[in-house]
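Take the sequence shown: its position 410, counted from the start at 1, is 431 in this note's numbering, and no numbers get skipped.
For glycine and all other residues, C-beta sits at the position ideal for the given N, C-alpha and C.
These numbers come from a predicted model, not from an experiment.
Written out below as structure tokens is the structure these notes cover.
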Amino acid sequence: MVFVMAISENNKSQTAPPSHFIRNIIIEDLESGKYDGRVQTRFPPEPNGYLHIGHAKAICLNFGLAEEFDGLCNLRFDDTNPLKEEQEYIDSIIEDIHWLGFDWKDRLYFASDYFDQLYEYAVKLIKKGEAYVDDLTSDQIREYRGTLTKPGKNSPYRDRPVQENLDLFERMRKGEFPDGLKVLRAKIDMAASNINMRDPVMYRILHAAHHRTGDKWCIYPMYDWAHGQSDSIERITHSLCTLEFEDHRPLYDWFVEQLEIYAPRQIEFARLNLNYTIMSKRKLLRLVKEGYVSGWDDPRMPTLSGMRRRGYTPESIRDFSDRIGVAKANSTVDIALLEHCLREDLNRRAPRAMGVMNPLKVIIDNYPDGKSEEMEAVNNPEDPSMGTRTIPFSKVLYIEKDDFREDPPRKYFRLAPGREVRLRYGYFITCVDVVKDESGEIIKLHCTYDPETKGGNAPDGRKVKATIHWVSAEHAIKAEARLYDRLFTKENPEDLEEGEDFTINLNPNSLEMLTCYAEPSLRDMSPGSRFQFERIGYFCVDKDSSKDNLIFNRIVTLRDTWARMEKAQQKTN
Ligand code: ATP
Ligand code: MG
């Protein structure tokens, strides 16, 4: 049978996803009464780009665990860098997290809300003799820092008296010095084996307006100084972050210890990597700025706004996050798994429709001129409660070019000269003639139909081996179909020869545009609606679509490579 259906939903396990080490730590902490039985997490984006599928993992983890343990999850923007941050990013991040289905209620915070408190904390460290104002240039600071194998050396300004440090720090804040002339540093250990502990910079001078605090500040806290204290101020219990912060944990611990303030517990996990995908915000920004894609929400982008426009459901992304689990070691997840989660969800929920991508005209010779009929069609074979609809049938139809072969190879059971096939929800038809143009290209077929086979079955019990889709030429609506493929051709787009840029791995065929012919019921679908074109794929009405100019984005094809791989594996086991 040629009719390709997405894999059935029935085999999806109903059990909870397997536990992971972070959940186990939280359970232990709850049992031992740490943090008075509270669970409070946070998602802390820097508002310097759009969220992507990797962030979704962190969002699902933080909000998901809080939900699971009756805790709270804050949304906090770590907005310490006025040069790269914009309101546009804040708005998009808020929209994306809500779309995923999470809410922080009244707990929307900004690190910039804590600038006064952070300043007070810094003064406290200076008074304790644990921070100093340094006059070295940034190049000198780098030089003095040493390397992994070589200890650093002390700055000549390291032993400034407390009073002088207090005075200089205050004058830094007042704007008496130009950018870069001085910094405030923690006084820890220039010989520490962990480079993060070699007197890290806490404040820099930057005469720049901040999107929230305006011109109030001309010194800004470094991320490493702001992040841990922000967690502490919010009384976060479990501060979950990605592995690259493991080496920063001793520093964060040192700060809260010296300040004698509440100490959250930081736990690191592996970030999500997906094949055929890049997740660096800097590189995604380049794709946008250099016009390789139409914007942050281009449906080929791994951003949540792109995936939303493409037609991904939030449920499928949450399901994916559950299934990939949480680990302590970096790895790369196959994008086929993400697509599998998507198909499973869409298979369950998306209504079916018929549409032809590459039309070939079919004339039913023995069907009366001018007649049309309404054929009844099932909206979703997976869900009878979704009901039925009617599709108009008439003498002239379009079928898919690919569903006809003049010289059918073995095992090709679709339409061919003299052969009978079933039209989905229609009649059996037999091809009686092939019409070509001067160049030899097939331009139309003549067929006959059997009036006894309405709905798809022959009263005499005769069988056909294939069922194909169709639309009535007179009734079909035209739409622009945007067929998306992977944005990169290489599994690891960042695997490059020397001197190569990752953009050389962009897939030149990642977007194909066609005019398609669809059944009329799709005319009234609003932007964002999803449906399945039977035998072709899942589609979503684009946000720029209108009644006069319909645009359908292909979300994903029907072929589920993940399900196949799983089956193959089961066989070998
Ligand atoms: P940047 O390089 O700008 O810091 P970032 O991807 O870390 O980029 P953030 O805004 O700092 O961006 O990320 C917010 C949170 O999302 C952080 O806690 C970060 O650890 C987490 N996160 C970012 N990328 C991933 C990923 N690929 N997988 C899982 N979590 C991620
Ligand atoms: Mg970050």
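Query                                                                                                                              : Result
Cross-strand partners of L444 (DSSP beta bridge)                                                                                   : I489
Exposure label - I74; buried when at least 16 CB within 10 Å                                                                       : buried
Residue from R575, D188, M407 and F509 with nearest C-alpha to Y297                                                                : F509
C-beta contact flag for F42 and V347 at 8 angstroms                                                                                : yes
Enclosing beta strand (DSSP E) for N294 [first to last residue]                                                                    : L293 to L295
Sub-8 angstroms separation of V562 and P548 beta-carbons                                                                           : yes
Proximity of K564 and R330 at Cβ, strictly below 8 angstroms                                                                       : yes
Beta-ladder partner(s) of Q61, from DSSP                                                                                           : L93
Heavy atom of the ligand ATP within 7 angstroms of E503 beta-carbon                                                                : Strictly speaking, residue 503 in this sequence is Arg, with Glu absent from that position. No, Cβ of R503 sits at least 7 angstroms from all heavy atoms of the ligand ATP.
Test item: CB-CB of R321 and G312 under 8 angstroms                                                                                : no
Pair within 8 angstroms by beta-carbon distance, N351 and R373                                                                     : no
Bridge-paired residues (DSSP) for Y224                                                                                             : L205 and P242
Within 8 angstroms, strictly: CB atoms of L272 and P323                                                                            : no
Any non-hydrogen atom of the ligand ATP within 7 angstroms of P66 CB                                                               : yes
Local conformation of P320 per DSSP, three classes                                                                                 : coil
Those runs of the alpha helix (DSSP H) which lie wholly inside the region 81-135 and span at least 4 residues                      : 108-121
Coarse secondary structure for Y538, derived from DSSP in three states                                                             : strand
Sequence ranges, beta strand (DSSP E) only - wholly within the region 239-315, length at least 3                                   : 240-242, 259-263, 286-290 and 293-295
Cβ-heavy atom distance, L325 to the ligand ATP, below 7 angstroms                                                                  : no
Start-to-end residues for the alpha helix (DSSP H) that takes in D545                                                              : Taken as a continuous stretch (DSSP letters only), D545 belongs to no alpha helix (DSSP H), as it is neither H nor E.
Distance between beta carbons of L325 and W120, contact taken as under 8 angstroms                                                 : 7 angstroms
Beta-carbon contacts of W238 that lie in its chain and below 7 angstroms, excluding the five residues immediately before and after : F136 and H231
C-alpha distance - M378 paired with G249, whole-angstrom precision                                                                 : 54 angstroms
Close Cβ partners of D156 (< 6 angstroms) along its chain, the five nearest in sequence each way excluded                          : Y178 and K203
Segment contact, 8 angstroms Cβ cut-off, at least three pairs: the region 564-582 with the region 411-420                          : no
Outcome for K33 when other beta-carbon atoms lying within 10 angstroms are tallied against a minimum of 16                         : Per-residue confidence for K33 stands at a pLDDT of 43, beneath the threshold of 50, marking its modelled position as unreliable; the derived number appears in the next sentence. Its Cβ having fewer than 16 others within 10 Å, K33 is exposed.
Sequence-distant residues of the same chain with beta carbon closer than 8 angstroms to N31, five excluded per side                : The predicted position of N31 is uncertain, since its pLDDT is 39 and thus under 50; a value taken from the coordinates is nonetheless stated next. If we look at N31 and ignore the five residues flanking it on each side, it has no Cβ neighbours.
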